[in-house]
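One structure is given here, and the rest of the page talks about it.
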Amino acid sequence: MALVSMKEMLEEGAAKQYAVGQFNLNNLEFTQAILMAAQEEKSPVILGVSEAYIPYMGGLHFIAGMVKSLIDYYGVKVPVALHLDHGSSYEVCIRALHAGFTSVMIDASHHDLETNIAITQRVTEAAHVLGASVEAELGRITGREDDIVVDEAEAMYAVTEDCVRMVRETGIDCIAPALGSVHGPYRGQPKLGFDRMGEIRQLTGLPLVLHGGSGLPDEEILRAISLGTAKINVNTDNQIACTQAIRVYLQEHPEAYDPRHYLVPAKKAIQESVQAKMRLFGSSGRAGGTA
Ligand code: 13P
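Under the working numbering, the first residue of the sequence shown carries the number 1115, and numbering increases by one thereafter.
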């Protein structure tokens, strides 16, 4: 099945109160495991690629080619969106679209509101010509997103009025308001701004995106979904599952040297982690007539 944009899957999720997971690609094994999980769960899926991983994985064209080849090779029939995660500039978003990505996040949240809106507007105009979807961020999410660290002093909750303006002036397809979630492991008890989440959903009418989906208690995830969150990003929990499986294998087999021997259990651990998220988010069995 050809790659699709996130628009329809997120609108359906928001309407039927479930969320589609964005699982970040770290390498070939993550890509295989996430696609197998989606196929197994009959779930739509979003493959996220953050900027730091573009050079690591061999460039945008290689990543898009690898994803398309694996979809063909496995005969994947569920809807799959290939999404640029936290694109920091107009240029990187356009390059991703040119390479065949079907969705981009323009994260111009490090600029002032006017500039954030102006850049997001340009990206949306271009993406929509190609039938691709666009996500934008307001406020700033703390923690480590690959090589980008936002400390607590820089963290900012999204302001409802700014979200409404962003949606009205840009035509984006979904919005990621920073409301207390954190990239990477949580330190202490997470405090999500649920009241504002409900308000932003109601006033914008758009599916909401929750970044930093790892390590949140299940009740908080379910509450976010009930308030209109239709996309949840997860990376750290899958990375932890992968690394833990490799650590255990190498401890039990100190003589091992063939990467396949420890990457097979790692891939299985990633797939299990992703499948558990899909069940929690309620996206299992939602691939419609295509599964
Ligand atoms: P975690 O790594 O905390 O799951 O966050 C992933 C994310 O939000 C990617 O944009």
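In this text, a Cβ means the ideal position worked out from N, Cα and C, and glycines have one as well.
Buried/exposed call for residue i, threshold 16 Cβ in 10 Å
| i | result |
| --- | --- |
| A1344 | buried |
| Y1132 | buried |
| V1243 | exposed |
| H1089 | The structure shown has nothing for residue 1089, since the chain only spans 1115 to 1405. |
| R1400 | buried |
| A1338 | buried |
| N1249 | It should be pointed out that residue 1249 corresponds to Glu in this sequence rather than to Asn. Label assigned to E1249: buried. |
| K1130 | exposed |
| E1275 | exposed |
| S1340 | exposed |
| K1391 | buried |
| E1205 | exposed |
| P1299 | exposed |
| R1315 | buried |
Closest by C-alpha distance to residue i, when choosing among the options
| i | options | result |
| --- | --- | --- |
| G1173 | A1213, E1126, A1241 and A1401 | A1213 |
| I1177 | T1145, V1206 and E1228 | T1145 |
| A1166 | Q1153, C1277, V1181 and G1201 | G1201 |
| M1219 | I1289, Y1170, P1169 and V1278 | I1289 |
| M1171 | E1143, L1227 and S1157 | E1143 |
| T1229 | G1245, E1251, A1210 and V1181 | E1251 |
| D1221 | T1234, A1210, L1330 and V1163 | T1234 |
| G1342 | R1310, Y1363, F1215 and Y1204 | R1310 |
| T1284 | V1237, A1151, G1319 and Q1303 | V1237 |
| L1336 | L1306, G1319, Y1363 and L1364 | L1306 |
Distance cut-off 8 Å: residue i Cβ against heavy atoms of ligand 1
| i | result |
| --- | --- |
| V1367 | According to the sequence provided, residue 1367 is His. The question's Val does not apply to it. Result no, Cβ not under 8 Å from ligand 1. |
| D1339 | The amino acid at residue 1339 is misidentified as Asp; the sequence shows Ile. Outside the cutoff, so no. |
| D1186 | no |
| T1238 | no |
| S1328 | yes |
| S1164 | yes |
| G1319 | no |
| V1134 | no |
| I1168 | no |
| N1140 | no |
| I1096 | Residue coverage of the chain in this structure runs from 1115 to 1405, which leaves residue 1096 outside it and unanswerable. |
| V1248 | no |
Nonlocal neighbours in the same chain, by C-beta distance under 7 Å from residue i, ignoring five residues either side
| i | result |
| --- | --- |
| I1208 | A1240 |
| T1404 | Because T1404 carries a pLDDT of 44, less than 50, the predicted location of this residue cannot be relied on, and no value is offered for it. |
| D1332 | L1394 |
| S1387 | D1351, N1352 and A1355 |
Neighbourhood of residue i by C-beta distance below 6 Å, restricted to the same chain and skipping five residues each side
| i | result |
| --- | --- |
| G1327 | I1346, N1347 and V1348 |
| S1247 | S1119, M1120, K1121, S1217 and D1287 |
| L1124 | C1288, P1321, A1344 and K1345 |
| M1180 | none |
Neighbourhood of residue i by C-beta distance below 8 Å, restricted to the same chain and skipping five residues each side
| i | result |
| --- | --- |
| V1378 | none |
| A1370 | Y1363, L1364 and Y1376 |
heavy atom of ligand 3 below 8 Å from residue i C-beta
| i | result |
| --- | --- |
| Q1153 | Ligand 3 is not part of the structure shown, which contains ligand 1 as its ligands. |
Legend entry - Secondary structure, beta strand (DSSP E): runs of 3+ residues fully inside the region 1189-1241: 1194-1201 and 1217-1220
Legend entry - Unbroken stretches of the beta strand (DSSP E), 3 residues or longer, contained in the region 1265-1316: 1288-1291
Inset, instruction - Scan the region 1343-1384 and note each continuous alpha helix (DSSP H) run of 4 residues or more that stays entirely inside, going in chain order. - result: 1350-1366
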